[in-house]
Amino acid sequence: MQIDLTGRTALITGGSMGLGRAMGMKMAAAGANIVPVARRQEPLDETVKLITGAGGKAHAIGCDVTDPRAIEAAYAEAVKTYGAVDILVNNAGSSLRGPFLEMTDEDWKNDLELKLFAQIRFSRLAFADMKERNWGRIINILNTGAKAPAAEGAPTAVTRAAGLALSKILANEGAPHNILVNAMMTGLIDSDQHVRKHAADNRGLTYDEFKVEMAEKARIPLGRIGTSEEFANVACFLASDAAAYVTGVDINVDGGRSPVT
Numbered sequence: 000m001q002i003d004l005t006g007r008t009a010l011i012t013g014g015s016m017g018l019g020r021a022m023g024m025k026m027a028a029a030g031a032n033i034v035p036v037a038r039r040q041e042p043l044d045e046t047v048k049l050i051t052g053a054g055g056k057a058h059a060i061g062c063d064v065t066d067p068r069a070i071e072a073a074y075a076e077a078v079k080t081y082g083a084v085d086i087l088v089n090n091a092g093s094s095l096r097g098p099f100l101e102m103t104d105e106d107w108k109n110d111l112e113l114k115l116f117a118q119i120r121f122s123r124l125a126f127a128d129m130k131e132r133n134w135g136r137i138i139n140i141l142n143t144g145a146k147a148p149a150a151e152g153a154p155t156a157v158t159r160a161a162g163l164a165l166s167k168i169l170a171n172e173g174a175p176h177n178i179l180v181n182a183m184m185t186g187l188i189d190s191d192q193h194v195r196k197h198a199a200d201n202r203g204l205t206y207d208e209f210k211v212e213m214a215e216k217a218r219i220p221l222g223r224i225g226t227s228e229e230f231a232n233v234a235c236f237l238a239s240d241a242a243a244y245v246t247g248v249d250i251n252v253d254g255g256r257s258p259v260t
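In numbering that gives the first Met the number 0, the protein residues as written are 0 to 260.
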């Protein structure tokens, strides 16, 4: 299958590292202009260098996605640079979880701002423009805890469940205007956070051994953790015309780990 995103522009929050970077590189390889959005400039610059070095086009924007004004400014800069935002990937977030009684109001508020309200604010801006053009793609990056929350999964699982509901609402409202909205549910994917966990582990395991152990503990049916490129492949498909009849779905990219389909 040939995925062609030539002429499209993808704005990817959390786009400077990990899954965000991988999705940007994959979509750039398919012809899209990439706008990675994140707080730290150094990894943003590195992502742009990787994309342009491979022959793609990218324009990085520094933005604190918990700041409504910064979101408006970032979106406006993306439109000014490339003319439109055709594909919005809401990927910004972190994993905050622990015993319910230990989570403070501030923890809950911060998690909602970072993950849910950032999605709402970027989607509000993009949705209006996509509606005028009668074409758009919104992909919300969540995790399988949104559908199958475990003990000590709050606040992340709760915030992500709200993001799942938002995705379905937007899909239903966007369908008459050819705006397709889907969610991708992450499982254990090789990323910078696992590299950091390995670095803090003092048992002398190689990183490959560390990843095998993670997969075994998580009882992943495929027997391994996923790669960011495998995740990016699914995102690139959903962003393209090859997925023109796919909307309102949530896709587990987790090697079969989730007990909920």
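Idealized CB from N, CA, C, for every residue including glycine.
Bear in mind the structure is a predicted one, so any value in this text is a computation, not a measurement.
Could you tell me the alpha carbon to alpha carbon distance between Ala-31 and Leu-4, rounded to whole angstroms? 5 Å
Between Ala-21, Ala-145, Ala-69, which has its C-alpha nearest Ala-262's C-alpha? For the chain, the structure presents residues 0 to 260; residue 262 sits outside this window and is missing.
How would you write the range of the alpha helix (DSSP H) that Asn-232 sits in, first residue to last? 227-238
Among Met-24, Ala-29, Pro-67, nearest to Ala-59 - alpha-carbon criterion: It is Met-24 whose Cα lies nearest to the Cα of Ala-59.
So Ala-182 is in the beta strand (DSSP E); what residue range does that whole segment cover? Counting along the chain, the beta strand (DSSP E) containing Ala-182 begins and ends at 178-185.
In chain order, what residues of the same chain lie with their CB nearer than 7 Å to the CB of Ala-241, ignoring the 5 residues before and after it? Met-0, Ile-2
Using the C-alpha atoms, what's the distance from Pro-67 back to Thr-226? 32 Å
Examine chain C for any beta-carbon lying closer than 7 Å to the beta-carbon of Asp-207, and answer yes or no. In summary, chain C is missing from the structure at hand, where a single protein chain is found.
Through-space distance from Ile-224 to Gly-203, alpha-carbon basis: 20 Å
Look at the Cβ atom of Asn-133, then the Cβ atom of His-176, and state whether they are nearer than 7 Å. yes
With a threshold of 8 Å on Cβ separation, who are the neighbours of Asp-191 within its own chain once the five nearest residues in sequence on each side are excluded? Met-16, Gly-17
Assign Ile-50 to one of three DSSP states: helix, strand, or coil. helix
Output yes or no for whether 7 Å exceeds the beta carbon distance between Leu-115 and Gly-152. no
Residue of Gln-40, Glu-101, Met-183 minimising C-alpha distance to Asn-90: Met-183
Can you list the alpha helix (DSSP H) stretches of 4 or more residues lying completely in the region 66-111, in chain order? 67-81, 104-110
DSSP state of Ile-2 mapped onto helix, strand, coil: coil
According to DSSP, residues forming a beta bridge with Gly-222: The partner list for Gly-222 (beta bridge, DSSP) is empty, contrary to what the question assumes.
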